[in-house]
Amino acid sequence: MFDGAEVESVRVSNVKGKRKIFKRLPGKRADWKKAYIKLKPGFDIDFMGNG
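Going left to right, the sequence shown walks through residues 17 to 67 as the working numbering numbers them.
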């Protein structure tokens, strides 16, 4: 996904879905996982896509 970036560590947390109302009926958005990725020193990710 990220060309040439080397990962040092990955932490994963579970995010609870929010309670919402869908067409006047109470409901809940799906739970999902969030990953925190730490790169090795000297590596970075170009989010703007320049170059």
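A virtual CB, placed ideally from N, CA and C, is assigned to each residue, including glycine.
### Message
Can you tell me whether Gly58 is helix, strand or coil according to DSSP?
### Response
Against the sequence shown, residue 58 aligns to sequence position 42. Of the three classes helix, strand and coil, the one that applies to Gly58 here is coil, per DSSP.
### Message
For Asp47 and Gly33, which I take to be in contact (beta-carbon distance under 8 Å), what is that distance rounded to the nearest angstrom?
### Response
Stepping through the sequence shown from its first residue, residue 47 is reached at position 31. Stepping through the sequence shown from its first residue, residue 33 is reached at position 17. About 5 Å separates the beta carbon of Asp47 from that of Gly33, a gap short enough to meet the 8 Å contact definition.
### Query
Could you give the C-beta distance for Glu22 and Lys56, rounded to a whole number, given that I count them as a contact under 8 Å?
Indexing the sequence shown from 1 puts residue 22 at position 6. Indexing the sequence shown from 1 puts residue 56 at position 40. In this structure Glu22 touches Lys56 by the C-beta definition: roughly 5 Å separates them, less than 8 Å.
### Task
Counting only the same chain and skipping the five closest in sequence on each side, list residues whose C-beta sits under 8 Å from that of Val31.
Locating residue 31 in the sequence shown gives position 15, where the first residue counts as 1. Excluding five sequence positions before and after Val31, the CB atoms of its chain that fall closer than 8 Å to its own CB belong to Asp47, Trp48, Lys49 and Lys50, given in chain order.
### Task
Check whether the Cβ atoms of Lys36 and Arg45 sit closer than 9 Å, and answer yes or no.
Numbered from 1 along the sequence shown, position 20 holds the residue referred to as residue 36. Numbered from 1 along the sequence shown, position 29 holds the residue referred to as residue 45. Taking 9 Å as the Cβ cut-off, Lys36 and Arg45 qualify as a contacting pair.
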